[in-house]
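J.: If you read the protein sequences in the order shown, they are chains S and X. Using our numbering, you'd call the opening residue of the first sequence number 7 and step up by one each time. Using our numbering, you'd call the opening residue of the second sequence number 8 and step up by one each time. Please find one structure pasted underneath; my questions will follow.
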Amino acid sequence: MVKEKNPAVILMGKQATDNDNNQTAQMLAAQLDWPQATFASKIEFTDDKANVTRETDTGEEVLAIPLPCVITTDLRLNEPRFIPLPGIIKARSKPLTKLERQTTDQPRVEVLTYTAPATRSAGKKVATVDELIAELKSKGALA
Amino acid sequence: MNLLLIAFDAEDAVTCAAFGQASNHSFDILQLTGSPATHLGAGKVISLDLPSLPPADYFAAALKLIAEPYDRVAAVSSMRGKDALPRLAGLLDWPMISDITEIVDEKTFVRPILAGSILTKVQLNHPKAFLTFRPAGFPAPNLGGESQVESVNPEWIGSSKRLSESLSEGGRPDLATAKVVVSGGRPLKDAETFEKIVGGLADALGGAVGATRAAVDSGIAANELQVGQTGKIVAPDLYIAAGISGSTQHMAGIKDSKIIVAINTDGDAPIFDIADYGLVADLFDALPELTQKLQK
Ligand SMILES: Cc1cc2nc3c(=O)[nH]c(=O)nc-3n(C[C@H](O)[C@H](O)[C@H](O)COP(=O)(O)OP(=O)(O)OC[C@H]3O[C@@H](n4cnc5c(N)ncnc54)[C@H](O)[C@@H]3O)c2cc1C
Chain S
7 MVKEKNPAVI
17 LMGKQATDND
27 NNQTAQMLAA
37 QLDWPQATFA
47 SKIEFTDDKA
57 NVTRETDTGE
67 EVLAIPLPCV
77 ITTDLRLNEP
87 RFIPLPGIIK
97 ARSKPLTKLE
107 RQTTDQPRVE
117 VLTYTAPATR
127 SAGKKVATVD
137 ELIAELKSKG
147 ALA
Chain X
8 MNLLLIAFDA
18 EDAVTCAAFG
28 QASNHSFDIL
38 QLTGSPATHL
48 GAGKVISLDL
58 PSLPPADYFA
68 AALKLIAEPY
78 DRVAAVSSMR
88 GKDALPRLAG
98 LLDWPMISDI
108 TEIVDEKTFV
118 RPILAGSILT
128 KVQLNHPKAF
138 LTFRPAGFPA
148 PNLGGESQVE
158 SVNPEWIGSS
168 KRLSESLSEG
178 GRPDLATAKV
188 VVSGGRPLKD
198 AETFEKIVGG
208 LADALGGAVG
218 ATRAAVDSGI
228 AANELQVGQT
238 GKIVAPDLYI
248 AAGISGSTQH
258 MAGIKDSKII
268 VAINTDGDAP
278 IFDIADYGLV
288 ADLFDALPEL
298 TQKLQK
């Protein structure tokens, strides 16, 4: 699809909630041999490059990457705009192209089981800071 | 099965060794910056000795040849790991398993999906794989076993350029691996108040500071302090949540903590449903009182 459409920028979400993988965009960038900027919170385009502010472990950094490139979005990038009802109705009449997916024989990573994680239950209410300190000390959580 | 652990710095190498030991296989460490961590029982430490971390395109292109001979290549699922490792996996066309919380065997792993609301057991149907893991699942490694250091100088090829970067300020322990975390939410008003009240208690406990997304978005706390589904996942021995309602997104990042303490004026706040100890109180009274009593 990229070869057909020849885009200057591929903008993707950073991860899908149903698998939380956070891999697809980076893998695509590698396979295209395009530069990448993941977890973008701000993007500025110039003629031939994008200046991307991205979230990092220690805060943020600004990367200048030449186009074409792959960018993934973080939550702070933008506020999605409100779509009025007529807009939603109008969108329904737009052409929708369906592409066939190339399936592989066996998934390289297969989910065997789904289980619910252990749940936590409500503990104890304490009335004062002193009581809290005493409880934490008795559990060894405070020296 | 041979395992390569990619450590971005010396501190990261310790977390990597914890995963290596949990795998019950021998492992090598590839360390990008800092003096080589030779005391962690790695077969060898491959040291790149870089002045700073390269952007992901350089990283992947340079490390491709080093990673290729291994069966498994793993790193911590930090932002830098999540940025760089899938790119390397894409270059080598290996599958990848992210955010591992438990190793079942060399082909089978446990990882959460849907913001931690479901755990999946996944099986690898391929001889090679990249892995990232959550540090909380793998406790501190045993030390010992001097490792040899091998220096490598791969070719650095890429086209992105770093214009600026904020660095960690240091002083407080790393949020993702801290033993104690004190977090504050929306009612903290401003950055100064947040630092004084939440930072003050964290310092009294020798802990790290965390925040909710509401606090980050309103400019009260820095974005790297965000804890939760879209922030850092923490699992300290003690987590203190002050002025935090307990949204599902926030709880996704704290529910593996050993002890959770909630301090909130609203006795019906959902955070109390998962807290081991709840104190219905104004945080502007309770936190300074706690700080003062713990400093003594
Ligand atoms: C896709 C998505 C991802 C998200 N990811 C995250 C994430 O990773 N992490 C995260 O935290 N959030 C995340 N959120 C946001 C989340 O939904 C909540 O909005 C946020 O966690 C609320 O933060 P809060 O608890 O600080 O604020 P609030 O919900 O406003 O709670 C404030 C609490 O403080 C109490 N309070 C008020 N005054 C005082 C006082 N003086 N003393 C004591 N208590 C007081 C109130 O009773 C209330 O319970 C995400 C949301 C979305 C949509």
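For each residue, glycine too, the CB sits at the ideal point set by N, CA and C.
1) Which residues bound the beta strand (DSSP E) around R169(X)?
2) Would a check of beta-carbon distances place Q130(X) closer than 9 Å to chain S?
3) From T45(X) to Q299(X), what does the alpha carbon distance come to, in whole angstroms?
4) Cβ closer than 8 Å: which chain S residues qualify as neighbours of V268(X)?
5) Is P194(X) close to ligand 1? I mean its beta-carbon at under 8 Å from any heavy atom of the ligand.
6) Mind listing the chain S neighbours of T127(X)? Cutoff is C-beta to C-beta under 9 Å, in chain order.
7) May I ask you to list, following chain order, the residues of the region 95-116 of chain S that have a beta carbon less than 8 Å from some beta carbon of chain X?
8) Using a Cβ-Cβ cut-off of less than 7 Å, give me the residues of the region 60-77 of chain S that come near chain X, in sequence order.
9) Just the chain A side, please: which residues come within less than 9 Å of N57(S) by C-beta, in chain order?
10) For the beta strand (DSSP E) containing S144(S), list its first residue and its last residue.
11) Note down the Cα distance separating A147(S) from H133(X), rounded to an integer number of angstroms.
12) Which term fits L208(X), buried or exposed, when burial requires 16 or more other beta carbons within 10 angstroms of its beta carbon?
13) In angstroms, rounded to a whole number, what distance separates the CA positions of Q42(S) and S167(X)?
14) Along chain X, in chain order, which residues have C-beta atoms closer than 8 Å to that of K48(S)?
15) For the region 152-160 of chain X against the region 52-62 of chain X, are there 3 or more C-beta pairs whose distance is under 8 Å?
16) Is there a Cβ from chain S that is less than 9 Å from the Cβ of R87(X)?
17) Please report the distance separating the alpha-carbon of L70(X) from that of A96(X).
18) My assumption, with CB atoms under 8 Å, is that G214(X) sits in contact with G250(X). Please give the rounded CB distance.
19) With a 10 Å radius around its C-beta and 16 neighbouring C-beta atoms as the bar for buried, classify D24(S) as buried or exposed.
20) When you measure from the CB of Q233(X) to every non-hydrogen atom of ligand 1, does any distance come out below 8 Å?
21) Can you give me the C-alpha to C-alpha distance between R82(S) and D224(X), rounded to a whole angstrom?
22) Which residue's Cα is closest to the Cα of A46(S): A133(S), K130(S) and I77(S)?
23) Roughly how many angstroms separate the alpha carbons of T103(S) and A22(S), rounded to a whole number?
24) In the DSSP assignment, find the beta strand (DSSP E) that holds G72(S) and state where it starts and stops.
25) If I measure Cβ to Cβ from W169(S) and keep anything under 7 Å in the same chain, skipping five residues before and after, which residues do I get?
26) So the candidates are H257(X), A276(X) and A248(X); which of them puts its Cα closest to the Cα of V268(X)?
27) Thinking C-alpha only, which one of I261(X), K186(X) and D90(X) is nearest A218(X)?
28) Quick one: does the C-beta of F291(X) sit closer than 8 Å to a heavy atom of ligand 1?
29) What are the start and end residues of each continuous alpha helix (DSSP H) run of 4 or more residues lying completely inside the region 51-99 of chain X, in chain order?
30) Classify P72(S): buried if its beta carbon has 16 or more other beta carbons within 10 angstroms, exposed otherwise.
31) So what does DSSP say about D106(X), is it helix, strand or coil?
32) F279(X) CB to nearest chain S CB: under 9 Å?
33) Name the two residues that bound the continuous beta strand (DSSP E) containing P295(X).
34) List, from N- to C-terminal side, the beta strand (DSSP E) runs of 3 residues or more that fit wholly inside the region 59-119 of chain S.
35) To the nearest angstrom, how far is the alpha carbon of N12(S) from that of I164(X)?
36) Using a 10 Å radius around the Cβ and a threshold of 16 neighbouring Cβ atoms, would you call A100(X) buried or exposed?
T.: If we stick to the structure as given:
1) Here the beta strand (DSSP E) through R169(X) covers K168 to E172.
2) It does: the Cβ of Q130(X) has a partner Cβ on chain S nearer than 9 Å.
3) Their Cα atoms are separated by approximately 41 Å.
4) At a C-beta separation below 8 Å, V268(X) has these neighbours in chain S: L138 and L142.
5) True, at least one ligand heavy atom lies under 8 Å from that Cβ.
6) What T127(X) touches in chain S: N25, V117, L118, T119, Y120 and T121.
7) Those would be Q112, P113, R114, V115 and E116, in chain order.
8) Against chain X - using a Cβ distance shorter than 7 Å - the residues of the region 60-77 of chain S are E61, T62, D63, T64, G65, E66, E67, V68, L69, A70, I71 and P72.
9) The displayed structure is made up of protein chains S and X, and chain A is not among them.
10) It is not in any beta strand (DSSP E) - S144(S) instead sits in the alpha helix (DSSP H) that spans V135 to S144.
11) The alpha-carbon atoms of A147(S) and H133(X) are separated by roughly 43 Å.
12) Buried, by the Cβ-count rule.
13) Our two residues, Q42(S) and S167(X), have alpha carbons roughly 8 Å apart in a direct line.
14) Within chain X, no residue comes near K48(S); the closest Cβ sits about 12 Å away, beyond 8 Å.
15) Proximity of the region 152-160 of chain X to the region 52-62 of chain X meets the contact definition, three or more beta-carbon pairs being nearer than 8 Å.
16) Contact with chain S is found for R87(X), since one of that chain's Cβ atoms lies less than 9 Å from the residue's Cβ.
17) In a straight line, the C-alpha of L70(X) is about 11 Å away from that of A96(X).
18) About 17 Å separates the beta carbons of G214(X) and G250(X), which is beyond the 8 Å limit, so they are not a contact pair.
19) It counts as exposed.
20) True, at least one ligand heavy atom lies under 8 Å from that Cβ.
21) About 8 Å.
22) Of A133(S), K130(S) and I77(S), the residue nearest in Cα terms is I77(S).
23) Approximately 22 Å, taken between the alpha carbons.
24) According to the sequence provided, residue 72(S) is Pro. The question's Gly does not apply to it. Under the DSSP assignment, P72(S) falls in the beta strand (DSSP E) whose first and last residues are G65 to P72.
25) The shown model of chain S, from 7 to 149, leaves out residue 169(S), and the question about it has no answer.
26) Nearest to V268(X) by alpha-carbon distance, out of H257(X), A276(X) and A248(X), is A248(X).
27) Comparing alpha-carbon positions, the option among I261(X), K186(X) and D90(X) lying closest to A218(X) turns out to be I261(X).
28) In this structure, the C-beta of F291(X) approaches ligand 1 to less than 8 Å from one of its heavy atoms.
29) Counting whole runs of 4 or more residues, the region 51-99 of chain X contains the alpha helix (DSSP H) stretches 63-74 and 86-99.
30) A residue is called buried when at least 16 other Cβ atoms come within 10 angstroms of its Cβ; P72(S) does not meet this threshold and is exposed.
31) Of the three classes helix, strand and coil, the one that applies to D106(X) here is strand, per DSSP.
32) With 9 Å as the cut-off, F279(X) counts as an interface residue toward chain S.
33) Careful: P295(X) lies outside any beta strand (DSSP E), inside the alpha helix (DSSP H) at L290 to Q302.
34) Taking only runs of at least 3 residues, the beta strand (DSSP E) segments lying wholly in the region 59-119 of chain S are 65-72 and 75-79.
35) Rounded to the nearest angstrom, the two C-alpha atoms are 24 Å apart.
36) The sequence as given places Asp at residue 100(X); Ala does not occur at that position. Classification of D100(X): exposed, given that the 10 Å Cβ count is below 16.
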